[in-house]
Amino acid sequence: MPHPKFCQVCATPLEWIALMEDGGPKERLRCPNCGHTHWNNPTPVLAAIVEYRGQVLLARNAAWPGKMFALITGFMEAGETPEEGIAREVKEETNLDVSAARIVGAYDFQRMNQVIIAYHVVADGEVKLSPELVDYRLYDLPDLKCWPAGTGYALADWLRTRGHEPVFFTAAENEERRRGLNLPPEPGNAS
């Protein structure tokens, strides 16, 4: 993720400045005018392994390639617990009501400077996707394949708790699944 260019306090351009911290000298983006430090702390993101009528619901974001399905995710908001946040995200993105939520674990996602807090949720209702999502699929546990990234590792850990040894996409399968993910949309085809 790109770093901010200006101080949040006084709008002076930030500079990489080394100062002594508890662990020794540390270079961070700091304001040479007022001394403000941009800490660049990871953002908490919530993820849900949605169990829906005995199957797992994976969804496809509108910005993703056609073969890429994953967990329901979203940013935690101020003033809510992670459990409240994951129930809100599932409701907002799928229209499903969460009746139970149990933490699976916390997962590193440094590429996006995020920490993923993953839950297994039991949900019910009628699936109605938000505009952010364009499709969903329901999977039986033995048919799920995991991907080599934060939420894929969460799914793998959860599958183990259900007595299933997870199967990961091969490198070639994962590359095919992600093909086009980092490309800008073609003109006239903004799906």
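Residues 2 to 192 in this note's numbering are what the sequence shown spells out, letter by letter.
Here a beta-carbon is modelled for each residue, glycine too, at the ideal position from N, C-alpha and C.
Note that the coordinates shown come from a computational prediction; the quantities given were computed from them, not determined experimentally.
Item	Value
Assuming residue 69 contacts residue 179 under a Cβ cut-off of 8 Å, what Cβ separation, rounded to an integer in Å, is found between them?	6 Å
Relative to the C-alpha of residue 119, which candidate in 125, 130, 29 and 91 has its C-alpha closest?	91
Spatial neighbours of residue 131 within its chain, please: CB distance less than 7 Å, with the 5 preceding and 5 following residues excluded, ordered by chain position.	93 and 94
Near residue 181, what residues of its chain come up, given a Cβ to Cβ distance below 6 Å and the 5 sequence neighbours on each side ignored?	66
What does the alpha-carbon distance come out to for the pair residue 86 and residue 145?	25 Å
Taking only the alpha-carbon atoms, compute the straight-line gap between residue 83 and residue 97 and give it to the nearest angstrom.	17 Å
Pick helix, strand or coil for residue 155, following the three-state DSSP scheme.	helix
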